[in-house]
Amino acid sequence: MLSLKFHWETILRRSTFGVLMSSYMLPWS
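So that you can map any letter, position 21 of the sequence shown is 21 in UniProt numbering, and since no number is skipped, the others follow by simple counting.
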């Protein structure tokens, strides 16, 4: 149960970090 919760939190943080990184990487025309 704990491992599953930790995995879920990791996925959420990863997705959020990915969105932030992509938004920073993409050039603002």
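C-beta: ideal position from N, C-alpha, C; glycine also.
L2: member of the alpha helix (DSSP H) spanning L2 to M25, first to last residue. CA-CA distance, T10 to F17, rounds to 10 Å. The beta carbon of Y24 sits closer than 6 Å to no other beta carbon from its chain once the five residues preceding and following it are set aside.
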